[in-house]
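A short worksheet on the structure shown next.
In the working numbering, the protein residues as written are 23 to 314.
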């Protein structure tokens with residue numbers, strides 16, 4: 023619910039800025055963008071935020087012109103921040119009136135309306151931050167970066183340094199000091215933090231909006247390319263193996279042992295998707311060659 027509010031308020035904010043003829047472009051139009059949800063920070067704490075990939079402009083309402091961004095940014099971030107905050111709180115309040123908000127145990131002793139007003143006042147008193155800037159390495163670098171993280175979990179195995187005495191030690195990057203550090207958590211706290219980032223079943227963490235929405239992306243992109251003189255489509259991705267694709271995207275050889283770096287994974291048995299009772303008992307596992 024709260025994550026849907028986050029997506030909706032971001033979408034409405036960007037669409038409103040593009041549609042408003044009173045903006046710095048003196049003309050409204052249709053924007054297109056992709057939003058990707060990230061939920062964690064380096065220590066596995068909750069840090070819910072969206073990364074949005076937005077073209078440097080938008081289509082005019084009649085679909086015949088491309089309105090370019092000015093001065094290396096599309097919309098002013100301070101104005102975006104205020105409008106985004108307003109839309110988020112508006113939808114949050116509507117959810118509160120529908121009596122579907124759940125408050126922490128310590129706040130259940132009083133009236134829900136009182137707790138909500140305190141929360142709303144606290145949120146209004148803060149300056150909300152929207153970071154919007156032209157990518158340093160160009161659009162391809164941004165897409166490559168986000169593409170590597172879209173389907174990752176909160177922590178990878180290579181960051182886990184030690185597991186013993188009911189505790190887990192893992193590495194993290196201290197971004198303030200640009201240093202690698204380590205942190206040790208009790209196992210129950212590590213599990214609690216990890217499951218903070220388990221999303222609801224069938225939740226869409228990558229969403230496309232405007233002329234990039236799934237229902238109109240094909241025609242929208244075709245129109246944009248035609249206006250911008252880029253009539254040739256990008257080269258289709260060649261069929262590559264899972265091993266080669268993972269090596270290209272992450273630099274990891276998934277067939278190589280992560281510990282000794284010399285042993286290699288060998289396929290010896292294909293297990294069906296739905297293996298019935300007694301499947302493994304019926305196999306002659308002794309006939310499988312030892313590949314160690």
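Even for Gly, the Cβ is constructed at its ideal location relative to N, Cα and C. Predicted, not measured: the structure shown is a model, and the values here were computed from it.
**OP:** Note down the Cα distance separating residue 286 from residue 216, rounded to an integer number of angstroms.
**Re:** 29 Å
Subject >> Chain-order list of residues whose beta-carbon lies under 8 Å from that of residue 29 (same chain, five-residue window excluded) >> reply: 57, 59, 72 and 229
Subject >> As assigned by DSSP and simplified to three states, the class of residue 3 >> reply: Absent from the model: residue 3. The displayed extent of the chain is 23 to 314, so no value can be given.
Original post:
In terms of residues, what are the limits of the alpha helix (DSSP H) holding residue 120?
Top reply: That residue, residue 120, is in no alpha helix (DSSP H); it is neither H nor E in DSSP.
**OP:** Using a threshold of 8 Å, state whether the C-beta atoms of residue 272 and residue 170 are closer than that.
**Re:** yes
**OP:** On the DSSP bridge assignment, give the partners of residue 62 in chain order.
**Re:** 68
**OP:** Could you please give the first and the last residue of the uninterrupted beta strand (DSSP E) stretch that includes residue 302?
**Re:** That residue, residue 302, is in no beta strand (DSSP E); it is neither H nor E in DSSP.
Subject >> Touching by the beta-carbon criterion (3+ pairs, under 8 Å), the stretch 110 to 120 and the stretch 88 to 101 >> reply: no
Original post:
How long is the line joining the alpha carbons of residue 152 and residue 186, rounded to whole angstroms?
Top reply: 41 Å
**OP:** Kindly give me the distance between the Cβ atoms of residue 179 and residue 280, rounded to whole angstroms, as I take these residues to be in contact under 8 Å.
**Re:** 7 Å
Original post:
Among 123, 33 and 84, which one has its Cα closest to the Cα of residue 23?
Top reply: 123
Subject >> Backbone secondary structure at residue 248 - three-state DSSP >> reply: helix
Subject >> Segment limits, alpha helix (DSSP H) that includes residue 201 >> reply: Per DSSP, residue 201 belongs to no alpha helix (DSSP H); it is in the beta strand (DSSP E), 201 to 208.
Original post:
What residues are listed by DSSP as bridge partners for residue 193?
Top reply: 204
Subject >> Start and end residues, alpha helix (DSSP H) containing residue 30 >> reply: 24 to 41
**OP:** Could you please give the first and the last residue of the uninterrupted alpha helix (DSSP H) stretch that includes residue 171?
**Re:** 161 to 171
**OP:** Using DSSP bridges, identify the partner residues of residue 276.
**Re:** For residue 276, which the question treats as bridged, DSSP gives no partner whatsoever.
Original post:
Thinking C-beta only, is residue 193 closer than 8 Å to residue 174?
Top reply: no
Original post:
DSSP on residue 220, reduced to helix/strand/coil?
Top reply: coil
Original post:
With contact counted as at least three CB pairs below 8 Å, one residue from each stretch, are the stretch 39 to 54 and the stretch 141 to 159 in contact?
Top reply: no
**OP:** Within its chain, find whatever has a CB closer than 8 Å to the CB of residue 91; leave out the 5 residues flanking it on each side and keep chain order.
**Re:** 78 and 79
**OP:** Rounded to whole angstroms, what's the CA-CA distance from residue 310 to residue 302? Just pull it up for me.
**Re:** In this prediction, residue 310 scores a pLDDT of 49, lower than 50, which makes its location untrustworthy; no coordinate-derived value is stated.
**OP:** Can you check DSSP and say which residues form a bridge with residue 152?
**Re:** DSSP, once it has assigned bridges, lists no residue as partnering residue 152.
Subject >> Straight-line Cα distance separating residue 116 from residue 139 >> reply: 13 Å
Original post:
Residues bridged to residue 95 by DSSP?
Top reply: 92
Subject >> Chain-order list of residues whose beta-carbon lies under 7 Å from that of residue 172 (same chain, five-residue window excluded) >> reply: 58 and 228
Original post:
So what's residue 45 in DSSP terms, helix, strand or just coil?
Top reply: coil
Original post:
Is residue 134 helix, strand or coil by DSSP?
Top reply: helix
Original post:
Tell me which same chain residues have a C-beta within less than 7 Å of the C-beta of residue 26, skipping the five on either side of it?
Top reply: none
Original post:
What do you get for residue 264, buried or exposed, if any count of 16 or more other CB atoms within 10 angstroms of its CB means buried?
Top reply: exposed
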